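To start, the structure under review is shown below, and the notes come after it.
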Amino acid sequence: MMSFRSALVVATLLMPTLVVAGSPVKKLVFSDPAGDDFGPGSYTYPTHAVYAPGSFDLRNVEITDKGATIQFKVKLGARIKDPWNSKDWDGNGFSLQFVQIYIDTDHKAGSGFTKPLPGLGGAKFAADEAWDKLVLISPQGKTRLGQEVKYKARAMRKSVVIPRKTRARGKTLTAIVKKSDLGPIGANWGIQVVVQSNEGYPAKKDILTRRVNQVRGEHRFGGGHDTACDPHVIDILAGKAKGEKTEIAAQKRTLAYTCNKKLATLPMIYASKR
Amino acid sequence: MRRHVLPRIVVLLGTLVIATTAHADLSRFDIGARIYTKHLYTNDDTQGLLWLGNPFWFDQIKGGNGVGSELELTFKGRASRYVTAGARVASRFGERWQDYWESGTRMYGNTVNTSGDSVGMNRASYLKLRGTWVQVQPEWAFVDWLRVGSSDLGMFNPWTIGKLRYIDRDNGRGYFLSGHLGSQRQLTWIAAAIALPKLWVGPWWSTGLGDPELVNPFWSRDWAYATTIRWRPTEGTVLKLTADMTQDLETDLSDPDALGSTNPNCKDALGSQIPGCQSDHAVDLYTRYHSANATLQLEQELGETTRVDGTLAYSRQRIDTRLTGNGVAKNQGISPVVYKDTDAFAGTVRLAADDPWEMGLSFKAEYFNIGQDYNAIFGARREADVLLTDGFLGGGQLPTLNLANEFVDFGEAWVESCIGWHGGTGVATFENEDGDLKVDAEYTYITYNTNAQDRDVDTTYPDFLHSDGYTDIGLYDFANVYDRGRDPRSVYRRNQWRRSQIVMLRATKQLEIGRGLEIKFKGKYIRDEDYRRLDGAGAKDDDYKGNIFIARLQVAMPVTDGLKLAAGTQIDRWYETNRRGTLELGYGDDVTKRHTAFAQARYHFGGFRAGYHLEYVHKLQERQREGDQRWSVWRSKATVEVAW
Chain P
578 MMSFRSALVV
588 ATLLMPTLVV
598 AGSPVKKLVF
608 SDPAGDDFGP
618 GSYTYPTHAV
628 YAPGSFDLRN
638 VEITDKGATI
648 QFKVKLGARI
658 KDPWNSKDWD
668 GNGFSLQFVQ
678 IYIDTDHKAG
688 SGFTKPLPGL
698 GGAKFAADEA
708 WDKLVLISPQ
718 GKTRLGQEVK
728 YKARAMRKSV
738 VIPRKTRARG
748 KTLTAIVKKS
758 DLGPIGANWG
768 IQVVVQSNEG
778 YPAKKDILTR
788 RVNQVRGEHR
798 FGGGHDTACD
808 PHVIDILAGK
818 AKGEKTEIAA
828 QKRTLAYTCN
838 KKLATLPMIY
848 ASKR
Chain U
1229 MRRHVLPRIV
1239 VLLGTLVIAT
1249 TAHADLSRFD
1259 IGARIYTKHL
1269 YTNDDTQGLL
1279 WLGNPFWFDQ
1289 IKGGNGVGSE
1299 LELTFKGRAS
1309 RYVTAGARVA
1319 SRFGERWQDY
1329 WESGTRMYGN
1339 TVNTSGDSVG
1349 MNRASYLKLR
1359 GTWVQVQPEW
1369 AFVDWLRVGS
1379 SDLGMFNPWT
1389 IGKLRYIDRD
1399 NGRGYFLSGH
1409 LGSQRQLTWI
1419 AAAIALPKLW
1429 VGPWWSTGLG
1439 DPELVNPFWS
1449 RDWAYATTIR
1459 WRPTEGTVLK
1469 LTADMTQDLE
1479 TDLSDPDALG
1489 STNPNCKDAL
1499 GSQIPGCQSD
1509 HAVDLYTRYH
1519 SANATLQLEQ
1529 ELGETTRVDG
1539 TLAYSRQRID
1549 TRLTGNGVAK
1559 NQGISPVVYK
1569 DTDAFAGTVR
1579 LAADDPWEMG
1589 LSFKAEYFNI
1599 GQDYNAIFGA
1609 RREADVLLTD
1619 GFLGGGQLPT
1629 LNLANEFVDF
1639 GEAWVESCIG
1649 WHGGTGVATF
1659 ENEDGDLKVD
1669 AEYTYITYNT
1679 NAQDRDVDTT
1689 YPDFLHSDGY
1699 TDIGLYDFAN
1709 VYDRGRDPRS
1719 VYRRNQWRRS
1729 QIVMLRATKQ
1739 LEIGRGLEIK
1749 FKGKYIRDED
1759 YRRLDGAGAK
1769 DDDYKGNIFI
1779 ARLQVAMPVT
1789 DGLKLAAGTQ
1799 IDRWYETNRR
1809 GTLELGYGDD
1819 VTKRHTAFAQ
1829 ARYHFGGFRA
1839 GYHLEYVHKL
1849 QERQREGDQR
1859 WSVWRSKATV
1869 EVAW
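Rendered as structure tokens:
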């Protein structure tokens, strides 16, 4: 049995760790290696020329506390363009990419969602890594995005955050989110960043995502499966998310799937454990 | 017996499981539908469903009062995972709800009556096949797909073959082959043979139809050929070569086998045999009109935040004047081509720095130089833009005389021709860290390669009849009944020495009021000078000076889920010295004062999309040489759309 004094000593020693883990931070940075924009290793881009190489290759993610707002910056492997004139459909100045940032704010089993937003095919989060908040960086305007979430993911609606501003510059997508929608950045936050492609005419239950088929098409990713048992994610954070080459293998492992047997698992990357 | 039943049930259940898990993307057959309704109201007596209709002298489409609906069906299916096919069927838009059972407007005895026993189809919402396509992905190395049928032609660019207007999106048809080289698809290519549109690509906006020089327009073998090759030698460099040529063939009327031949019997007026003339049941063909356009484009990343984009373009046309009527001389100067053989170059270079100092300040600068004879006859007609500037009209600039601003409602964007433009644009953009403020500032200076004295606008260069004055795209009419200013296609003038400056400031601010109040402001000043005739009698009496001021303010806010309201106002002041006229008749100094107030609503709910725009326009045109004009216009447009 631990004496009161021993307990006090242990508690005193643990205190800084607990404070660090739970206290807010100003910035979180995650990196991802180049050339792993192939899901579990086999995915290929659609054949239309607008899907330039690197367009879905995640390179870097910065989450910064800007006072009243939180800024998300997602850098990709190619210049972000607007081939479909997003301003014509009330969009945000780009056309192709759709980035989903999942956040586990409490790292507690039973809290949050283990299913991702509809449209990512066969993918899930582990029970103790369920997400609590989801930030959507989409070229679609707030109205369309809000309607899609409202009607296709009603249960998740209150946990989905649509940024007050989304924009593209060079290779970087930036989203500005009200801090009151997320709370301060926690040092113990778990983060997963999923890179997908914006599909303005999605399948009925999908939220604006582009499907992955076995054979790629002009506007369909290839190298997957012809049913939705494969994870419809093109690039994610994996390993320790420091941009090391070993994280390519980690991504392949975590996104490996077997139809009707094993779903791919999207791992949370906890800043405090890196 | 029972031993056989169980496996069958298992197989059946298995099939059902597979069938239910297979997603729609691979379904053998998928059908989509859309119903679109539009209601126009204007406080005049025009009747129709379109504010600005066909540019032809007569149509039954345009009018400011009417409500009608359209049904569209889209089919898509897969023969296998390698073969996809699709089709679109849509009803003709033009029937108004008041039409009831009437199908056409032609009545017996050519009288207006209520019999309903009308002929014709222009009041019928008949379903028409708009396009079909089949796409195959053969498992061949270096070949991605083969497409047969409809395409919007978006794979090329506005300088060559442009993406078709949205309303034309399935009208382009041809054979398309796409492929690649390199494991990382460093080089991709598309080659195409495209049926040449008989109604708009070529002199007289046709490939022979309606040309007064032709007896038997032959358009079924007219094609365009095009290719685009995209090469990515390094991660930050893209080179793109795009080229097309069009060929409009017509029959040799001296051939005895040609329909309408001048030598059907191979005998001259005296009855003598014409040497070399003999029927062989084959018809010789000549090229009436040929065009070629090509671009070499470079996209180069200079650093993390800076890049340069460049376009070098070439344009060529050849006209056989024996087979092509002179649209400049015979059609009042309204022609989509210069009536002579031409060769021309164009180029643009654009530098961009995206927030280089990470303080929200970005820059773009562009130099452009477009030859006076450049013409992308098959280029983009609208819904595209090749220059950085906001321009005169705000809807984009395109290097063609073949613009198509018709078939639009009020308030829609207009493009203008940039043929002959030579100058530069600088744009600075500031966005604050919170993302609630964005400001764009632009300065553009333009001189014109089309500046010339005594240009032949009688037989060679089309001036589109109306080449003077700032264009009023809000109260435009085709016949210029109300002095609506320069036709956006008018780039040539008999006497011109013109230069223009454009200053534009645009700001968007979001305020944390309610669900977010958005304030948009746009202010523009255009200084447009044209000394017109430089020498000779009256040279100093015709100088044009335009000082155009435009300010627009809009506030918008979502009020509930899916419902967004907006309201705003626009003030125009156009001070124009010698706006229009001739040396003989004299010129006048005109002042245009226009005030517009508008309210808008958009509503999305469970697949239901509705929009409403109501505006009041008051315009006073104070004219020195002619009488003043006044407009007091109320008008609105409501749309409802459901797709499933």
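Protein chains in written order, with our numbering: chain P, 578 to 851; chain U, 1229 to 1872. Note that the Cβ used here is the ideal one computed from N, Cα and C, for glycine as well. Everything numeric in this text was worked out from a predicted model, so none of it was measured.
Identify each residue in the stretch 1741-1758 of chain U for which the Cβ-Cβ distance to at least one residue of chain P is less than 9 angstroms, and report them in chain order. When C-beta distances to chain P are compared with 9 angstroms, the residues of the stretch 1741-1758 of chain U below that value are 1744, in chain order.
Using the Cβ count rule (16 or more neighbours within 10 Å means buried), how would you classify residue 1686 (chain U)? Taking the second sequence and counting its residues from 1, the one referred to as residue 1686 (chain U) is at position 458. A residue is called buried once 16 or more other Cβ atoms fall within 10 Å of its Cβ, and residue 1686 (chain U), having fewer, is exposed.
Just curious, the alpha helix (DSSP H) that residue 831 (chain P) is in, first and last residue? Numbered from its first residue, the first sequence carries residue 831 (chain P) at position 254. DSSP places residue 831 (chain P) inside the alpha helix (DSSP H), whose first and last residues are 823-832.
If residue 762 (chain P) sits next to residue 602 (chain P), beta carbons under 8 angstroms apart, how far is it from one beta carbon to the other, in whole angstroms? As a working note, residue 762 (chain P) is residue 185 in the first sequence. As a working note, residue 602 (chain P) is residue 25 in the first sequence. So it is a contact: roughly 5 angstroms between Cβ atoms.
At which residues does the alpha helix (DSSP H) containing residue 632 (chain P) begin and terminate? Taking the first residue of the first sequence as position 1, residue 632 (chain P) is located at position 55. Note, residue 632 (chain P): premise wrong, no alpha helix (DSSP H); not H, not E.
Given that residue 821 (chain P) touches chain U, what residues does it touch there, using C-beta distances under 9 angstroms? Here residue 821 (chain P) refers to the residue found at position 244 of the first sequence. Chain U residues near residue 821 (chain P): none, gap ~20 angstroms exceeds 9 angstroms.
In chain U, what lies closer than 8 angstroms to residue 703 (chain P) by C-beta? Residue mapping note: residue 703 (chain P) aligns to position 126 of the first sequence, counting from 1. Scanning chain U for C-beta atoms nearer than 8 angstroms to the C-beta of residue 703 (chain P) yields nothing, as the closest lies near 23 angstroms away.
Please classify residue 546 (chain P): is it buried, with 16 or more other beta-carbons within 10 angstroms of its beta-carbon, or exposed? An answer regarding residue 546 (chain P) cannot be provided, because it is not within the stretch 578 to 851 covered by chain P.
Just checking: is the beta-carbon of residue 1841 (chain U) within a distance shorter than 8 angstroms of some beta-carbon in chain P? Residue mapping note: residue 1841 (chain U) aligns to position 613 of the second sequence, counting from 1. Closer than 8 angstroms: no.
Coarse secondary structure for residue 1587 (chain U), derived from DSSP in three states: As a first step, residue 1587 (chain U) must be located in the second sequence, where it is residue number 359. Residue state, collapsed to three classes: coil.
So, do the stretch 1577-1596 of chain U and the stretch 1727-1743 of chain U have three or more beta carbon pairs nearer to each other than 8 angstroms? Touching, no, given that fewer than three Cβ pairs across the two stretches are closer than 8 angstroms.
Residue-level contact to chain P via CB, residue 1738 (chain U), 8 angstroms cutoff: In the second sequence, residue 1738 (chain U) corresponds to position 510, counting from 1. Yes, contact with chain P.
Determine the contact status of residue 807 (chain P) and residue 699 (chain P), defining contact as a CB-CB distance below 8 angstroms. Counting from 1 along the first sequence, the entry for residue 807 (chain P) is found at position 230. Counting from 1 along the first sequence, the entry for residue 699 (chain P) is found at position 122. Cβ atoms of residue 807 (chain P) and residue 699 (chain P): closer than 8 angstroms.
Bridge partners of residue 1401 (chain U), per DSSP? For the purposes of this step, residue 1401 (chain U) is taken as the residue at position 173 of the second sequence. For residue 1401 (chain U), the pairing in a beta bridge is given by DSSP as U:1378.
Nearest to residue 1641 (chain U) by CA position, among U:1628, U:1620, U:1648, is which residue? Residue mapping note: residue 1641 (chain U) aligns to position 413 of the second sequence, counting from 1. With respect to the C-alpha of residue 1641 (chain U), the residue from U:1628, U:1620, U:1648 having the closest C-alpha is U:1620.
In chain U, which residues lie with their C-beta within 9 angstroms of the C-beta of residue 631 (chain P)? Residue mapping note: residue 631 (chain P) aligns to position 54 of the first sequence, counting from 1. Within chain U, 1463 have C-beta atoms less than 9 angstroms from the C-beta of residue 631 (chain P), given in sequence order.
Same chain, Cβ closer than 6 angstroms to residue 1862 (chain U), neighbours up to 5 away in sequence not counted: Your numbering for residue 1862 (chain U) matches position 634 in the second sequence. Hits under 6 angstroms: 1271, 1844.
Listed by chain order, chain P residues near residue 1383 (chain U) by CB distance under 9 angstroms: What you label residue 1383 (chain U) is simply residue 155 of the second sequence in a count that begins at 1. Within 9 angstroms Cβ-Cβ: 625, 626.
If we ignore side chains and look at the alpha-carbon of each, how far apart do residue 598 (chain P) and residue 848 (chain P) end up? On the first sequence, residue 598 (chain P) is found 21 positions in, with the first residue counted as 1. On the first sequence, residue 848 (chain P) is found 271 positions in, with the first residue counted as 1. Confidence in residue 598 (chain P) is poor, its pLDDT being 46 and thus under 50, which makes the residue's placement unreliable; the coordinate value appears in the next sentence. If I take the Cα positions, the gap works out to 9 angstroms.
Count the other CB atoms within 10 Å of the CB of residue 1329 (chain U); is the residue buried (16 or more) or exposed (fewer)? Translated into the one-based positions of the second sequence, residue 1329 (chain U) becomes position 101. The residue in question, residue 1329 (chain U), is exposed, as its Cβ has fewer than 16 Cβ neighbours within 10 Å.
Decide if the stretch 1521-1531 of chain U is in contact with the stretch 1449-1468 of chain U; the criterion is three or more beta carbon pairs, one per stretch, under 8 angstroms apart. Counting Cβ pairs under 8 angstroms, three or more are found: they touch.
Backbone CA spacing between residue 765 (chain P) and residue 1535 (chain U) [nearest angstrom]: By 1-based counting over the first sequence, the position of residue 765 (chain P) is 188. By 1-based counting over the second sequence, the position of residue 1535 (chain U) is 307. Roughly 38 angstroms separates the two Cα atoms.
Could you check if residue 1411 (chain U) is buried or exposed, using at least 16 other CB atoms within 10 Å of its CB as the buried criterion? Counted from its first residue, the second sequence places residue 1411 (chain U) at position 183. So residue 1411 (chain U) counts as exposed.
Cβ-based burial, residue 1251 (chain U) [other Cβ within 10 Å; buried from 16]: For the purposes of this step, residue 1251 (chain U) is taken as residue 23 along the second sequence, with counting starting at 1. Here residue 1251 (chain U) scores only 46 on pLDDT, less than 50, and its place in the model should not be relied on; the value that follows carries that caveat. Classification for residue 1251 (chain U): buried.
Kindly list, in the order they appear in chain U, the residues whose Cβ is closer than 7 angstroms to that of residue 731 (chain P). Within the first sequence, numbered from 1, the residue matching residue 731 (chain P) stands at position 154. Near residue 731 (chain P) there are no residues of chain U at all, since even the closest Cβ is about 12 angstroms away, more than 7 angstroms.
Mind checking residue 1521 (chain U): buried by the 16 CB within 10 Å criterion, or exposed? Working through the second sequence from its first residue, we reach residue 1521 (chain U) at position 293. Buried, since its Cβ has 16 or more Cβ neighbours within 10 Å.
Under the three-state reduction of DSSP, which class applies to residue 1768 (chain U): helix, strand or coil? Taking the second sequence and counting its residues from 1, one reaches residue 1768 (chain U) at position 540. Annotated three-state conformation of residue 1768 (chain U) is coil, per DSSP.
Residues bridged to residue 1520 (chain U) (per DSSP): Taking the second sequence and counting its residues from 1, the one referred to as residue 1520 (chain U) is at position 292. Residue pairing by DSSP places residue 1520 (chain U) opposite U:1473, U:1544 in a beta bridge.
Taking only beta carbons into account, state which residues of the stretch 1816-1833 of chain U come closer than 7 angstroms to chain P, listed in chain order. When CB distances to chain P are screened at a threshold of 7 angstroms, the residues of the stretch 1816-1833 of chain U falling below it are 1832, in chain order.
Which residues of chain P have a Cβ atom closer than 9 angstroms to the Cβ of residue 1885 (chain U), listed in chain order? Residue 1885 (chain U) cannot be examined here, being either before or after the span of chain U that is shown, 1229 to 1872.
Could you check the C-alpha separation between residue 1812 (chain U) and residue 1610 (chain U) for me, to the nearest Å? Looking up residue 1812 (chain U) in the second sequence gives position 584. Looking up residue 1610 (chain U) in the second sequence gives position 382. Rounded to whole angstroms, residue 1812 (chain U) to residue 1610 (chain U) spans 36 angstroms at the Cα level.
For residue 792 (chain P), which residues in chain U fall below 7 angstroms Cβ to Cβ? Against the first sequence, residue 792 (chain P) aligns to sequence position 215. Going along chain U in sequence order, the residues near residue 792 (chain P) (Cβ under 7 angstroms) are 1309, 1310, 1365.
Span separating the alpha-carbon of residue 1597 (chain U) from that of residue 1407 (chain U): Locating residue 1597 (chain U) in the second sequence gives position 369, where the first residue counts as 1. Locating residue 1407 (chain U) in the second sequence gives position 179, where the first residue counts as 1. Distance from the CA of residue 1597 (chain U) to the CA of residue 1407 (chain U), rounded to the nearest whole angstrom, comes to 33 angstroms.
Whole-Å CB distance - residue 1358 (chain U) paired with residue 1398 (chain U), under 8 angstroms assumed: Translated into positions along the second sequence, residue 1358 (chain U) becomes position 130. Translated into positions along the second sequence, residue 1398 (chain U) becomes position 170. Confirmed, Cβ separation roughly 4 angstroms.
Go through its chain and collect everything with a Cβ distance to residue 1265 (chain U)'s Cβ below 6 angstroms, but skip five positions before and after it. The sequence position of residue 1265 (chain U) within the second sequence is 37, counting from 1. Around residue 1265 (chain U): 1297, 1868.
Coil, strand or helix - residue 1611 (chain U) by DSSP: Sequence index remark: in the second sequence, residue 1611 (chain U) carries index 383 (1-based). In this structure, residue 1611 (chain U) counts as coil in the three-state DSSP scheme.
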